[in-house]
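Scroll down for the structure; my scribbles are underneath it.
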Amino acid sequence: MKNMSASNGKISTMQAAIIVLNCMFNAGILILPRTLSKSAQTPDIWISMLLAGFFVIGIGIIVVNLSMRYPGKTVFEFTRSITGIRGSDIYGLMIIIYFLVLSSMEIRVMAEATDMYLLQSTPYWATVIVFLWSGLYAVTGGLSVMIRLITITLPFTLIIFIVGILLSSKLFEFNNLVPMFGDGIIPVLKGVQPAVLSYSGYEMMLILTAYMTHPKESTKTVIWSISIVTLICSFTMVMVVGCLSLSGITTRTFPTLDLLRSFEMEGVFFERFELLLLIFWIVQIFATFTIKYYFTSIGIQNLFRLRKVQPIYYLLLPLIYLVSTLPKSLFQALVLGDILGNVSAVLFAVIPLLLLLIDIIRKGARIR
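The sequence shown begins at 10 in our numbering and counts up one residue at a time.
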């Protein structure tokens, strides 16, 4: 397990926050306005996003409080002390399958976006193989290599994305957002569920807390990471609805990307602003993929008590490729993404809460 840690054996609070933020600020934001608008049928989806953010912060606090009760142990290890070996292995296997499918879908989204906007008519297998072998190279370098990659790409992606959204303000029409609560509070609440499911990434703390130099600061890590993503996503919902209208969102696959494509910057090297964003975004999604790929390998190593993790990296490559090809269309891939969101709610919200309650009751009984 030593290969899991960064070069100095631990990761800082800032590094943990960067990893969580990177995993949460994923390709989902490109599709999210469409998903929320179909569920809520109201321009108030930005309110749904805010409410979901507060709810997910609560879930994140539960996750880190569970992890902090077992310093230096990942979820694959400390659950044995709560549920026993059999229960721990079942839960660990479910997490591994989740990360495996999620990393495969991230590969699929990267390939689809590359084919649609950057390298048209490029064979799917050619694009995916480049990503997979690059990912293999990254994970063999260890967590420190991936942290450096994220540290470089994430700030650029965030800056370019926010600037792009701000530049689209010339298309903004306030009438597209009013009246607020025009259909009541129920449609807003309907949008909270898909919004909550979009906040994938906080579950990384079930593993990362064990490798933090100051694990007691993991609560701060979760709160800051989720808060930043909530603010960015809520602002994005406001701008996308304000610029494209509610009816205009539901007919688009990638509403956020279409918004960034709706204007040009004449006289600038990158006149099509979305191309610049896509380049950094694909690298950022790639970094997220490598983290999930890495944690999947570590989970398998823990589950089967294996000595070396390197062979697992190679064995997972063809499996990730095969899973990424299972959806026959982009629509099916998006449906699978929705299913993963529901699965994550059980794996990383319901089960951690139950584990925390069981652990509190057991330790309380021992004290008595």
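Just so it is clear, CB atoms sit at the ideal spot from N, CA and C, and this is done for glycine as well.
These numbers were taken from a predicted model, which means no experiment stands behind them.
Measuring only the C-alpha atoms, how far is residue i from residue j?
i, j, result
"residue 359", "residue 257", "35 Å"
"residue 117", "residue 371", "43 Å"
"residue 156", "residue 193", "44 Å"
"residue 320", "residue 22", "30 Å"
"residue 168", "residue 132", "31 Å"
"residue 219", "residue 84", "9 Å"
"residue 170", "residue 66", "23 Å"
"residue 59", "residue 242", "9 Å"
"residue 305", "residue 101", "10 Å"
"residue 232", "residue 130", "42 Å"
"residue 265", "residue 286", "11 Å"
"residue 158", "residue 136", "20 Å"
"residue 154", "residue 107", "23 Å"
"residue 64", "residue 335", "33 Å"
"residue 148", "residue 292", "15 Å"
"residue 94", "residue 237", "37 Å"
"residue 378", "residue 122", "Residue 378 falls outside the range modelled here, since the chain spans only 10 to 377, and no answer is possible."
"residue 13", "residue 82", "Here residue 13 scores only 45 on pLDDT, less than 50, and its place in the model should not be relied on; the value that follows carries that caveat. Their Cα atoms are separated by approximately 12 Å."
How about residue i: is its Cβ closer than 7 Å to a heavy atom in the ligand SAH?
i, result
"residue 266", "The model depicted lacks the ligand SAH and carries no ligand whatsoever."
Look at the Cβ atom of residue i, then the Cβ atom of residue j, and state whether they are nearer than 8 Å.
i, j, result
"residue 303", "residue 141", "no"
"residue 227", "residue 61", "no"
"residue 318", "residue 300", "no"
"residue 91", "residue 369", "no"
"residue 35", "residue 230", "no"
"residue 119", "residue 295", "yes"
"residue 98", "residue 312", "yes"
"residue 54", "residue 45", "yes"
"residue 103", "residue 356", "yes"
"residue 353", "residue 204", "no"
"residue 271", "residue 185", "no"
"residue 166", "residue 289", "yes"
"residue 284", "residue 40", "no"
"residue 215", "residue 350", "no"
"residue 19", "residue 160", "no"
"residue 80", "residue 224", "yes"
"residue 177", "residue 240", "no"
"residue 346", "residue 235", "no"
Where does residue i fall in DSSP's three states?
i, result
"residue 20", "strand"
"residue 155", "helix"
"residue 189", "coil"
"residue 373", "helix"
When burial is assigned at 16 or more other CB atoms within 10 Å of the CB, is residue i buried or exposed?
i, result
"residue 373", "exposed"
"residue 348", "exposed"
"residue 201", "buried"
"residue 260", "exposed"
"residue 134", "exposed"
"residue 42", "buried"
"residue 144", "buried"
"residue 338", "exposed"
"residue 340", "exposed"
"residue 75", "buried"
"residue 324", "exposed"
"residue 364", "buried"
"residue 72", "buried"
"residue 251", "buried"
Given 8 Å, three or more beta-carbon pairs between the segment 178-190 and the segment 233-251
yes
Within the chosen definition, does the segment 25-36 reach the segment 203-211 through at least 3 CB pairs nearer than 8 Å?
yes
The segment 112-123 / the segment 329-344 touching (three or more Cβ pairs under 8 Å)
yes
Is the segment 47-63 close to the segment 194-208, with three or more CB pairs under 8 Å?
yes
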